[in-house]
Amino acid sequence: MTGSIERNTLELLTKENERYRLERTGFLRNIREEAAFIAEKFPPLPDEDFPHWKSRCLREYYRTKGFGNFCRNSVRNPEFETAVGSLIRLHLRKIFESSVRTDTDRYLAPDNDTVSYALEQGLFQELYTMYFSAMPTFGNTAELERFCLGIARSSFPVEETRVVDGMKGNNSFYWEKFYIKLKSLTAAFCYRMSGISGENNTHDIWSDTCISVNRAVTGRKMKEPVTARDIISYSVGVLRNKNKELARNRAKAPADIDTVSYRLTAEDEEKYFNNPVTKPENFPSQAGGLSNYIDYTDKDSVQGYFIVILYNKEHPLHGILVKGMEDKVGKLFEHYIDGLSYEEITARHGSTASGREQAKECARLRQEIKRLKKSLYDRFTRMLEEYR
């Protein structure tokens with residue numbers, strides 16, 4: 361075995377401490393002193409390789425330090441309880457990743473996540489009481505590790521009825537996972553049914569759906585027995601109804617830049633851009649007045665032409681409308697025309713932020729675009745007066 365024995369023992373004990381929380385539980389007080397103790401008392405034997413030395417020295421070290429008695433005396437120690445929970449969760453993650461996806465997870469869990477192999481706090485308390493009330497003997501951390509692995513293997517996956525009952529009782533642990541699943545489902549339905557995309561545009565529908573489904577399940581409004589499939593089916597029904605409602609409202613409401621995702625059809629091109637009056641030499645700003653082409657008393661006509669001027673870079677009034685705001689308008693186009701999320705836009709423009717900083721940048725961009733829309737429309741209104 362090569363390398364310094366002192367360095368090897370310190371590295372070994374540091375890893376043990378990180379995995380089993382030996383300092384936090386009170387088993388260790390000074391890692392360096394304990395590492396020096398191991399190096400002196402349990403040095404490698406002649407021709408002993410690292411794996412064999414590691415196993416032997418830890419076994420003898422924990423026996424010498426009375427690890428078994430320490431565990432028995434620590435059953436009610438919150439730090440020891442936390443260490444046990446951490447070990448079980450580590451094993452559950454590995455089991456989940458190597459197992460066939462359960463129906464409960466297909467219906468209620470986000471992609472790459474699980475409720476079937478998740479250690480909800482109430483369930484953990486039950487398991488901890490069951491397995492640790494009559495404290496078994498652990499000679500070392502390896503035996504504690506195997507014991508926790510056995511709990512994970514024998515107690516999971518969680519039965520579907522337990523998860524559904526948890527949701528009926530408004531258990532936030534299960535609901536938070538399901539809400540995340542609903543977010544991607546909402547995005548898919550909104551895109552297919554309403555043609556809208558981007559988290560900011562679908563947030564209200566997602567939020568309303570979460571509230572509706574939660575009330576139905578916790579209020580016992582669904583026909584018993586309620587299954588995981590029933591919950592997701594109910595959610596899909598809510599999403600469909602909300603998208604239909606959105607479509608009806610959009611049909612009644614005048615055009616608005618927040619809801620218009622402008623795509624030119626052949627008819628639109630003929631109507632707006634291939635019409636001789638929109639050519640620079642014939643445009644009404646040079647030959648008469650916009651009132652010849654826009655009904656100033658018709659809000660739809662006014663807002664519709666605003667979209668035409670804004671989105672058509674060849675329009676003779678486009679440059680006047682966006683002057684001094686070209687960069688910001690480019691980002692607005694990326695969001696409303698190209699369908700990019702705020703996260704994608706900030707990344708496209710060189711941001712490398714993540715987590716909370718990314719959220720702050722996206723919030724600033726959202727406010728910037730919101731102010732830009734008002735500024736553009738205010739300028740358009742003044743232009744209407746100037747070219748009337």
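For what it's worth, this note's numbering labels the leading residue of the sequence shown as 361, then goes sequentially. Just so you know, even glycine gets a beta-carbon here, dropped at the ideal spot from N, CA and C.
Secondary structure note for residue 692: its alpha helix (DSSP H) is the uninterrupted segment 686-696.
It is roughly 48 Å from the alpha-carbon of residue 579 to the alpha-carbon of residue 387. The closest CA to that of residue 398, considering only 385, 467, 374 and 429, is found on 374. If you look at residue 735, you'll find it in the alpha helix (DSSP H) that goes 715-746. By the C-beta density criterion, residue 434 is buried, having at least 16 other C-beta atoms within 10 angstroms. Residue 395 and residue 421 have their C-alpha atoms roughly 10 Å apart. By a beta-carbon distance limit of 8 Å, residue 463 contacts residue 588. Their separation comes to about 7 Å. Pairing residue 599 with residue 521 gives a Cβ-Cβ distance that is not under 8 Å. Residue 418 and residue 378 have their C-alpha atoms some 15 Å from each other. CA-to-CA, the gap between residue 515 and residue 533 works out to about 18 Å. In this structure the region 600-607 does not lie against the region 537-545, because fewer than three pairs of beta carbons, one per stretch, are closer than 8 Å. Put simply, the region 402-410 does not touch the region 473-484. Fewer than three CB pairs are less than 8 Å apart. Considering only 725, 569 and 718, the residue with the shortest C-alpha distance to residue 597 is 569. Taking all protein chains in view, the Cβ of residue 517 is crowded by 16 or more other Cβ atoms within 10 Å, so the residue is classified as buried. Rounded to whole angstroms, the separation of the alpha carbons of residue 685 and residue 714 is 27 Å.
In this structure, residue 702 places its C-beta atom within 8 Å of the C-beta atom of residue 560.
According to the DSSP assignment, residue 423 belongs to the alpha helix (DSSP H) that extends over 410-424. For residue 517, there is no enclosing alpha helix (DSSP H), as DSSP marks it with neither H nor E. Between residue 526 and the set 483, 503, 556 and 594, the nearest pair of CA atoms involves 483. Note on geometry: alpha-carbon atoms of residue 729 and residue 718 lie some 16 Å from one another. An exposed status is given to residue 424, since fewer than 16 other beta-carbon atoms sit within 10 Å of its beta-carbon.
In this structure, DSSP gives residue 387 a state outside helix and strand, which the three-state scheme calls coil. Straight-line measurement puts the Cα of residue 524 at about 24 Å from the Cα of residue 454.
Restricting attention to 414, 492 and 591, the CA atom closest to the CA of residue 367 is found in 414. With contacts defined as CB atoms closer than 8 Å, residue 538 and residue 468 qualify as a contacting pair.
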